[in-house]
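For the sequence shown, this note's numbering assigns the number 14 to the initial residue and increments by one for each residue that follows. Glycine included, each C-beta is placed from N, C-alpha and C at the ideal position. Fair warning: this is a prediction, and the values are worked out from it, not measured in the lab.
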Amino acid sequence: MMRGIGRSITFKWMAFSILLATIPLAIAGGNIYKVYQKDIKESVIQIQKEKASMVVERTKGFLEKATSNLLLIASDENFRRASPFQAKENLKNFLSQKDYFIELAFLNEKGLETVKISKFETKRSSGGKDQSDSEMFQVASKGQIFYGNFYYTSDGRQAMVIAVPVEKYMGRPVSVLRARVWLEPLTDLVHQIRIGKTGFAYLIDKQGYLVAHPNDKNILIGPFVDQVIAGEEGSLEFENVRGEKYLAVYKPIPELKWGVVVQVPVAEAYEPIKEITRTAIKWIIIASILAFGFSLFLTRRLTSPIKQLSSEMAKVSKGNLDVRIEPTTKDEIGVLTESFNRMVQDLKKSQEAIKKAEEKYRNIFENSKDMVFITSVDGKFIEINQAGVEMLGYSNREEIREISVRDAYIHPEERKKFQDEVAQKGFVKDYEVKLKKKDGIPLDCLITATDRRNREGCIIGYEGTIKNISYRKRMEEELVRKAGEIQTLYDLSALINQTLDIDTIFRTALEKAMSLTGFEIGAIYLLNEEGDALEMKYHDGHSPAMLEAAKVLKYGEGVSGKAISLKKPVIASINEYSSFRKSPVLIEEGIQTLVGFPLLAKGKAIGTISLLSRSPRELGQREINLLESIGNQIGLALENAKLFSDVAKAKSEWETTFDAVTDLITIRDKNYRIIRANQSAFKRYGLKPEEMIGKKCFEILHQGDQPCETCYVNETLKTKRPVSGERESRYLKGIFQYYTYPIYDESGEVILAVDMAREITEEKKLRIEKEVVNQVNKLLAFSLDVRQVANAIHSEFKKVLHSDRMSIALFDEGGRRFQYFALEKDYAGAELTKDMTYPKEGTTFEKATETGRPIIVEDIFGSEVWLDQRLFQEGIRSSLVFPLEYQGKIIGTLNFDSKEVNRFSEKDFYLVQQISSGLSISIQNALLLDKVKKSEERYRTVVEGAHDGICVIGEDNRLKFVNKRLTEIQGYPQEEMIGKDFCDFVDEESNRLMVDRFDRWRRGEKSSSSFELNAVRKNGDIRNIEINARVMKSSEKEMNYIVFVKDITEKKKMEEQLLQTEKLRALGEMASGVAHDFNNALAAILGNTQLLLYSVQEEDVRESLKTIEKVAKDSAQTVKRLQEFTRKKARQELFKLDVNSIVKDAIEITKPKWRNDAQGKGIHIEVLSYLGEVSSVAGDASELREVITNLIFNAVEAMPQGGMIEFRTFRKGGGCSSPGRRHRHRNG
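Below you can see the structure in the form of structure tokens.
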């Protein structure tokens, strides 16, 4: 058995030690592994992101290199000014130096290819390919660098187009240099970046095609292509069609709208994680082995002393008492070893004492004072010792042999019981019987006997000893009595420790007190709260009269009152209390003795036990002490019971409060196990206590294997501070306000967290509904036309209603049909429109408007109503129709439609009802606004179409309204004029005029309502305006002026022109007279000159006369034009003229001026003429000659020191190809 115990302890301790060492290690290792796994994953992704960034940088570098080479050419001044041939040679040399350029082309400002160089062919476009409409030219000609999409050449190589601006004029690029670039160098650059062992990188253009990718079968279009095309950056793991898993990291190239993808097999990327896993497993195994060895070592150290102790105890069991074990430790094993040594020494001493006693009492046994007997079956004494003779009171053995054994029994039947027990067992030991002496004195005896049998096994007699235990019996009774007293105290003490039920304590205490003292009647009294009376709490043996009389005793009254006042027991007879007011009842009941002893708690008397007896009784000091002890025990029990009652009451109240709280309260330990929850939590979670208590919250509530990242309990356990917040629970399908509080131990460490969750789903919904109602009311107040905010109103309703469309339907003017006042549709379908009226018969519109109650259509599928069929065609499945009432009259309905079945309920009525009245008012306001707008539009058309400016000016002289004509007059936009002072738009003189008119108006002087002012336009021009003002009262207190402004600037100009015309007419009449007289003089000169030409023969004189004739004729033409000044001119007739001849004539006419007069002044002026072959022109010879003459005169005046005047005629340009066409050309 000891070996089994040892093996059991060894095994249990070893198992416990191993578990104690490995479980924390496993937990810690697992947590560390998770952390490292997460960090390594993030590190791997970060490394791949850096590789992707390297690919981006190399791609940008390659393109920037190509672009910079092109920009270098484009910025070369020699290239930009070179001829096409030189540009071709320059591009050819550049192309031969750069391996990655395939083709170069130069496009002029019109987008035409003027030069195109290719590594495969070289040509110059004669007409040039027009690329002015291409995206490349549109981008590059605006000064931006163009990167085109990649493509495959005819030989299957990847290439792309790059274009840069070349020449600029007035800061604007007007020509473009375009290049086609091979992408193989870029592919080589990308492949130089090592992506693990089997990873790779490639590019994806904006259309999703692969660029610069390896010829690898693993390149497949992954699920991330859409993100790459959208310009997003990120990473993901995916599995291709061959079942291979890859980690892909993608990064955009915004300049190209391309993306970079770095792709590596998951197994290779996460190889460090596997290595860490293997390392962690190795260390856990090593730690487990060490834990096993250490546990084995500790187990051996622990169980070795136990095994040694077991071995030595086996020796003791065999009788070897010379055993001693030296303790090796001071722990419990050492204490047990010392106890074992003491036990062995005690056994040894006892054995020695037994030997000594056996030696000492051998003679006593031989001369035993106990009766030794042998009797026959029939009850005759065969043999008896002297002690037996003396014990039974006989004088000799012979006398006792004469009597029957049955005669020695007080109760002869006990002889038969003795025989039966011996016959059953074969012996009896310490069989207690009542014997009697010869004189009849009873004896208490113990019989130890066996049966005597013959060879056949039949009982022939009995032999044994009889011990007189009368004295011991009396002692035992005394001991029993004392033990009973002690047991009573013990029972009371145990009762106090085991139960705090006051009624149980009262019953047990009173029973014990009555049984110990032998009193028949008893009661327990306690002081009331005032301390002036004793109230009976428990009683036993009272008659109804006694019970009625003794329910309440005054303080100090009777033995109980005296006992509590003296704080000690009081014993008295009824005679001593004959004056007691309760004595007649006690005397009538036959009470003789009264006892009262106090119940004390911490030295304070809190009650008494009253005992009554119908016989005279006396109590010794021992009994009195016992009663005092009982009183103290009961007092302590009552005090403890009171404390427990208070605690139990407080606990009950707390638990009642805890379970009565409607919030969800749970208490969780550091391992997230729920150790307590209130009834609201059990009910809301739908779990029984045994399903929640002891379970981890994230396992049973969220079906997870680790704490939630956003868990408030987790944050409280980490931060050791209360946390609160709001969160939506998918498990409970509601919104909750969370409060978590830490519970600390004595050292200040958080051991528990209280999580209180208050569901605010309905509050949130009501709050949202309230916000929706407020927002809708704001929208209705914001706009006078509800149709303008209908979509916004529906957007607010969508926050609480599952609606896909909202519409408002109103009665038409006749009230028999309806039309849609507002109709929100996501497509332009013709099923239902706002411009038509529809019959209401049989529709939900009719039901809602006639009953005045909302209508819910859970599913319109299969409905025969035409309106439902139309709605079904538009994808609607359920609807809510709410009647709109205005001033007690139904005007229409507010309709909500959903594309899902049964999306509305009666709970939605309350929300819609809150805004229906306001919506009805807004609809009426909108209808009224339509009427006002129509009326206003008529008047606005009149005002805006007026030919005069119209404005409204307030009492502060600021403009409140201006029409379009006034803005045209002032040259200001309408928004700049509104709110400005009218005086800001007129000059200073007009300001003074207005101030003067206002002063005269205040003095009561009457003046014309029309007056003229000078308006200053925005550009500074002055316009003459005529003002006509009228007073316009907008209200009783507000007074405005409506002013009509007429622009009379042209009228003023016409008046001035008329005046000027009159002056010119008078001047013309005077000039006509002068011209007439001058014409007469010219006629005489011209006539005489012509007569002289017929008579004079000298050539020099004839030339002078011809000059006089030409001048006279020109003067005549001047006079003719002067005469025609006042007459309406007809279209002047033009003649074909020789320009060279006109120039020669002008030089000859002015010769006196530039030669004769100049020489007379000592000045030399030379006039040269180089007259080329020019075509004729149409004109007036006299006027053209006058122009050239004036030029010569002006030139002479401009050369006071002399000089040279040169005339040159020649043709420039194509000239006139035909008389009917005009061409632009310049003559010099």
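- In the DSSP assignment, the residues bridged to residue 1182 are 1220.
- Runs of alpha helix (DSSP H) with 4 or more residues, each lying fully within the segment 392-465, are found at 399-405, 410-414 and 426-438, listed in chain order.
- Residue 276: not part of any alpha helix (DSSP H); member of the beta strand (DSSP E) spanning 271-278, first to last residue.
- Of all C-beta pairs linking the segment 819-833 to the segment 844-857, three or more are shorter than 8 Å, placing the two stretches in contact.
- In the three-state reduction of the DSSP assignment, residue 133 falls in the coil class, being assigned neither a helical nor a strand state.
- Per DSSP, residue 468 is not a residue of any beta strand (DSSP E), being assigned neither H nor E.
- Annotation: residue 204 is outside any beta strand (DSSP E); the continuous alpha helix (DSSP H) that includes it extends over 197-204.
- Beta-bridge annotation (DSSP): residue 964 is paired with 975 and 1056.
- Residue range 606-614 is occupied by the beta strand (DSSP E) that includes residue 609.
- Distance from the CA atom of residue 958 to the CA atom of residue 975, rounded to whole angstroms, is 12 Å.
- Counting the other CB atoms within 10 Å of its CB gives residue 214 a total of 16 or more, which places it among the buried residues.
- As computed with DSSP, residue 548 is found in a beta bridge with 539 and 565.
- Of the candidates 476, 1112 and 117, 117 places its Cα closest to the Cα of residue 189.
- Proximity of the segment 751-758 to the segment 657-669 falls short of the contact definition, fewer than three beta-carbon pairs being nearer than 8 Å.
- By the neighbour-count criterion, in which a residue is buried when 16 or more other Cβ atoms sit within 10 angstroms of its Cβ, residue 1172 is exposed.
- With respect to residue 1176, residue 1130 sits apart: the two C-beta atoms are not nearer than 9 Å.
- Boundaries around residue 1201 are those of the alpha helix (DSSP H), 1194-1211, since no beta strand (DSSP E) includes it.
- Boundaries of the beta strand (DSSP E) harbouring residue 173: 171-178, taken from the DSSP string.
- In the DSSP annotation of this structure, residue 1034 is not part of any beta strand (DSSP E), being labelled neither H nor E.
- If only uninterrupted alpha helix (DSSP H) runs of at least 4 residues are considered, those enclosed by the segment 861-900 are 879-886.
- Under DSSP, residue 143 forms a beta bridge with 125.
- Beta-bridge partners assigned by DSSP to residue 742: 747.
- Between the segment 206-224 and the segment 275-282 there are three or more C-beta pairs closer than 8 Å, enough to call the two in contact.
- Note that the segment 1157-1171 touches the segment 1113-1126; at least 3 beta-carbon pairs, one per stretch, sit closer than 8 Å.
- Residue range 830-836 is occupied by the beta strand (DSSP E) that includes residue 832.
- In this structure, residue 478 and residue 383 form a Cβ contact; the two beta carbons are roughly 5 Å apart against a cut-off of 8 Å.
- No Cβ-Cβ contact shorter than 9 Å links residue 163 with residue 202.
- Sorting 415, 444 and 413 by C-alpha distance to the C-alpha of residue 428 places 444 at the top.
- The count of Cβ pairs closer than 8 Å, one atom from the segment 267-275 and one from the segment 215-224, reaches three, so the stretches are in contact.
- Here residue 252 carries a strand assignment [DSSP, helix/strand/coil].
- Taking a cut-off of 8 Å on C-beta distances, the segment 602-620 touches the segment 633-644, as three or more cross pairs fall below it.
- In this structure, residue 567 places its C-beta atom within 9 Å of the C-beta atom of residue 546.
- Under the three-state reduction of DSSP, residue 98 is assigned to helix.
- CA-to-CA, the gap between residue 524 and residue 394 works out to about 49 Å.
- In this structure, the beta-carbon distance from residue 1184 to residue 1153 falls below 9 Å.
- For residue 673 and residue 756, the gap between their C-alpha atoms comes out near 22 Å.
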